[in-house]
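Numbering (UniProt numbering), first residue to last: 1 to 105.
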């Protein structure tokens, strides 16, 4: 069986998060709890459904990962991008939401 982790997007800000062993949503894939058997995957799915129902996260998915030299790596490109961030640089001078927050404060 392929190793799996639970991922989602945090409802409060849309950031990609992964469920860790303590049951917390963490921004680092490397901190994710890795399910290595069916019962663990079932538990991840149940936890994800409850977190979705509690309006903590959206787009909850169990995804395949591999561990290479102690580093977790998603098998699908979509999940690699979610874990690693954008694949291209932003436009020159673009400051994103941090500029908007600064202007409002």
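Don't be surprised by glycine CBs; every beta carbon is placed ideally from N, CA and C.
* **Same chain, Cβ closer than 7 Å to residue 27, five either side skipped, listed in chain order** => 15, 17
* To do: Measure the CB-CB distance between residue 63 and residue 73 and report whether it falls below 8 Å.
  => no
* To do: Helix, strand or coil for residue 29, going by three-state DSSP, please let me know.
  => helix
* Coarse secondary structure for residue 83, derived from DSSP in three states -> helix
* To do: Just the C-alpha distance for residue 38 and residue 4, rounded to the nearest angstrom, thanks.
  => 10 Å
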